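To start, the structure itself, in structure tokens.
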Amino acid sequence: MSVSYVIMVEEYLKKNNPNAKMLKNLRARLGRTQADLAETMGVALRTWQQYEEGSRSVRFYPWQVKVFLKLLQEADISWESLPDRPPDNSSKK
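Going letter by letter, the sequence shown gives residues 0 to 92 in numbering that gives the first Met the number 0.
Structure follows, in structure tokens:
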């Protein structure tokens, strides 16, 4: 497998990451900046940017989940519309 193919696949997955899309949508609906949401969520700006790029997995502490749910409510987004867990592609024997 060539390096360029791997890079293309990684870029495709980043651009089509449902978590990244959801975070961008949330921020747009709230009319807030990345810096503002990063501060609200207690993460570094670069971390939030990576969440939105899809290059970093979103991980929140319990207190951050609480803040996130309040942001969803403020944006009139149901928690039920959040992306589901991706399927496990590993082969189980």
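Ideal placement from N, C-alpha and C gives every residue a C-beta, glycine not left out.
Just so you know, these numbers come straight off a predicted model, no measurement behind them.
Of the other Cβ atoms in all chains shown, 16 or more fall within 10 Å of the Cβ of residue 22; this residue is therefore buried. In the three-state scheme derived from DSSP, where H, G and I count as helix and E and B as strand, residue 37 is classed as helix.
Below 8 Å, enough C-beta pairs join the segment 71-88 and the segment 18-34 to call them touching: three or more. For residue 59, no alpha helix (DSSP H) run applies, since DSSP gives it neither H nor E.
In this chain, the alpha helix (DSSP H) harbouring residue 17 covers 17-29.
In this structure, the straight-line span from the alpha carbon of residue 57 to that of residue 87 is close to 17 Å. Closest in alpha carbon position to residue 78, among 16, 68, 63, is 68.
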